[in-house]
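Okay, structure first, notes after.
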Amino acid sequence: MSYFVDTEGYFGEFGGAYIPEMLYPNIDELRRSYLQIIESHDFCQEYTTLLRDYVGRPNPLYLAKRLSAAYGCKVYLKREDLNHTGAHKINNTVGQILVAKRLGKKRIIAETGAGQHGVATATVCALMGIECVVYMGQVDTERQAPNVARMQFLGATVVPVTSGSRTLKDAANEAMRDWIAHPGDTHYIIGSAVGPHPFPDMVARFQAVISQEIRAQLKEKTGSELPQYVLACVGGGSNAIGAFYHFIDQPQVKLVGIEAAGKGLTSGFSAATTALGRPGVLHGSRTLVMQTADGQIEEAHSISAGLDYPGIGPQHAHLFSSKRVQYVSVTDEQALKAALQLANLEGIIPALESAHALAYLGSLNASTEDNVVVCLSGRGDKDMAAYLEYARK
Numbered sequence: 032m033s034y035f036v037d038t039e040g041y042f043g044e045f046g047g048a049y050i051p052e053m054l055y056p057n058i059d060e061l062r063r064s065y066l067q068i069i070e071s072h073d074f075c076q077e078y079t080t081l082l083r084d085y086v087g088r089p090n091p092l093y094l095a096k097r098l099s100a101a102y103g104c105k106v107y108l109k110r111e112d113l114n115h116t117g118a119h120k121i122n123n124t125v126g127q128i129l130v131a132k133r134l135g136k137k138r139i140i141a142e143t144g145a146g147q148h149g150v151a152t153a154t155v156c157a158l159m160g161i162e163c164v165v166y167m168g169q170v171d172t173e174r175q176a177p178n179v180a181r182m183q184f185l186g187a188t189v190v191p192v193t194s195g196s197r198t199l200k201d202a203a204n205e206a207m208r209d210w211i212a213h214p215g216d217t218h219y220i221i222g223s224a225v226g227p228h229p230f231p232d233m234v235a236r237f238q239a240v241i242s243q244e245i246r247a248q249l250k251e252k253t254g255s256e257l258p259q260y261v262l263a264c265v266g267g268g269s270n271a272i273g274a275f276y277h278f279i280d281q282p283q284v285k286l287v288g289i290e291a292a293g294k295g296l297t298s299g300f301s302a303a304t305t306a307l308g309r310p311g312v313l314h315g316s317r318t319l320v321m322q323t324a325d326g327q328i329e330e331a332h333s334i335s336a337g338l339d340y341p342g343i344g345p346q347h348a349h350l351f352s353s354k355r356v357q358y359v360s361v362t363d364e365q366a367l368k369a370a371l372q373l374a375n376l377e378g379i380i381p382a383l384e385s386a387h388a389l390a391y392l393g394s395l396n397a398s399t400e401d402n403v404v405v406c407l408s409g410r411g412d413k414d415m416a417a418y419l420e421y422a423r424k
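When you read off a place in the sequence shown, starting at 1, and then add 31, the result is the number in the working numbering.
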């Protein structure tokens, strides 16, 4: 079984491009061009140079000794939080802005939830001197105000979205509408491994640098490229697919994606798509979607803005249905507790998204000799208000 995209843009039964006719020229141009562009020598040279000199890669694979002692296994943290802009999102935005330039695009749009993708998009647009518009749910602009300020300081226009639940799903809807209205000169830098083909595959390829580095760094530290476990949080799923990518065809490596259970799986306030969703179409691809009996999209909930999404990337849907990856969920409360633990034991404040992956460490039943890699997808500066409120309780 292949776990990767086929020539038609599908991962098994999931994927494809379910798009309005107005977007077909854009998607078709991208589909026909993206592999030729990103596999070209000049692109690879420019991309890898920017990752090294601008983003700061490779970032460390850190053996968290006190955290390891707490869980009885060797816990390694892949420090995506140390990237320029503070998260994994920059890996993708650097790649996509270079693609957009080669396609002659003069304007960039993006959606964002926690704000990390918005900041990363605003950053590369400033670097390249390209106009940037970021759509962000009004609820998220309030709970992630520091990132809104960062985007604006970088020169981006931030558009608060007031429709629907005013969160990530609705921001993506508005970005799609913008792209339909400006198909000629605009490129949509999608922030996660979602959307119509070729976005899920393209984003995964840019984020695959995470697992590529993990393998090399783990070999240097342990003598083996392959850990026993790789853990990553999953909303749409870009940091997770990047952390899993170079291990997917290694069945001895257990891959675990951790979704947001919110206030509990049966509470009505959750974002655990693999537990609660069923096949449907969301934002241009066939995937697993939280939806009502008549196909209306359910409102997702997570204390983490970046995981507050009622779907999952189509490659993740395929990895779930094929049972190659185990998908689980943890609650808001468990994530907050895990973030506080990491801060107290290791002096590292994680993003709330990353804290969901950390919260599952206690459920692994890993042995003392097991190497467990957790993708620390982002830093927690943006989440300090939530953390301080939790710490005061």
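Cβ atoms here follow ideal geometry from the backbone N, Cα and C, with glycine treated the same way.
In this text, all values refer to a predicted model and were calculated from it rather than measured experimentally.
Note on geometry: alpha-carbon atoms of residue 73 and residue 237 lie some 16 Å from one another. Straight through space, the alpha carbons of residue 381 and residue 295 are spaced by roughly 22 Å. Secondary structure at residue 140: strand, using DSSP grouped into helix, strand and coil. The C-alpha of residue 320 lies about 16 Å from the C-alpha of residue 43.
According to DSSP, residue pairing for residue 199 in a beta bridge does not occur.
For the pair residue 328 and residue 203, the Cα-to-Cα distance works out to about 13 Å. Excluding residues up to 5 positions away in sequence, 287 lie with their Cβ nearer than 6 Å to the Cβ of residue 357 in the same chain. Counting C-beta atoms within 10 angstroms of its own C-beta, residue 122 has 16 or more neighbours from the protein chains shown and is therefore classed as buried. Per the Cβ contact rule, the stretch 147-160 is in contact with the stretch 169-185 (3 or more Cβ pairs under 8 Å).
Listed in chain order, the alpha helix (DSSP H) elements of length 4 or more contained wholly in the stretch 88-132 are 96-102.
Assignment of alpha helix (DSSP H) within the stretch 222-287, counting only whole runs of 4 or more residues, yields 230-238, 240-253, 269-275 in chain order. Looking at the DSSP output, residue 402 bridges to 105. Residue 253 and residue 94 have their C-alpha atoms spaced approximately 11 Å apart. Taking 4 residues as the shortest admissible run, the stretch 314-371 contains the following complete alpha helix (DSSP H) segments, listed from N- to C-terminal end: 345-352.
In the pairwise beta carbon analysis, the stretch 123-133 is classified as touching the stretch 220-230: at least three pairs are separated by under 8 Å. Residue 270 is classed as buried because its beta carbon has at least 16 other beta carbons within 10 Å across all chains shown. By the CB criterion at 8 Å, residue 387 and residue 366 fall inside the cutoff. Looking at the DSSP output, residue 410 sits in a beta bridge with 381.
Contact between residue 214 and residue 57 holds: CB atoms are separated by about 5 Å, below the 8 Å threshold. Looking from the CA of residue 170, the closest CA among 156, 157, 200, 161 belongs to 200. In the three-state reduction of the DSSP assignment, residue 145 falls in the coil class, being assigned neither a helical nor a strand state. In the assembly as shown, residue 187 is a buried residue. Its beta-carbon has 16 or more other beta-carbons within 10 Å. Taking the CA atoms as reference points, residue 315 sits about 8 Å from residue 47. Comparing alpha-carbon positions, the option among 139, 146, 167, 144 lying closest to residue 157 turns out to be 139. Scanning its chain for C-beta atoms nearer than 8 Å, with the 5 sequence neighbours on each side dropped, one finds around residue 281 the residues 257, in chain order. In the three-state reduction of the DSSP assignment, residue 74 falls in the helix class, which pools H, G and I.
Excluding its 5 nearest sequence neighbours in each direction, residue 345 has C-beta neighbours in its own chain below 7 Å: 42, 45, 46, 231, 316, 317, 318, listed in chain order. With 16 or more neighbouring CB atoms inside 10 Å of its own CB, residue 276 falls in the buried class. Straight through space, the alpha carbons of residue 302 and residue 312 are spaced by roughly 17 Å. Note on residue 250: under 16 other CB atoms within 10 angstroms of its CB, so exposed under the neighbour-count rule. Its chain contains 93, 95, 405, 407 as the residues whose beta carbon lies nearer than 6 Å to that of residue 108, once the 5 sequence neighbours on both sides are disregarded; these appear in chain order. In the DSSP assignment, residue 192 falls within the unbroken beta strand (DSSP E) covering 188-192. Remark: C-beta atoms of residue 113 and residue 135 do not approach each other more closely than 8 Å. Annotated three-state conformation of residue 50 is coil, per DSSP.
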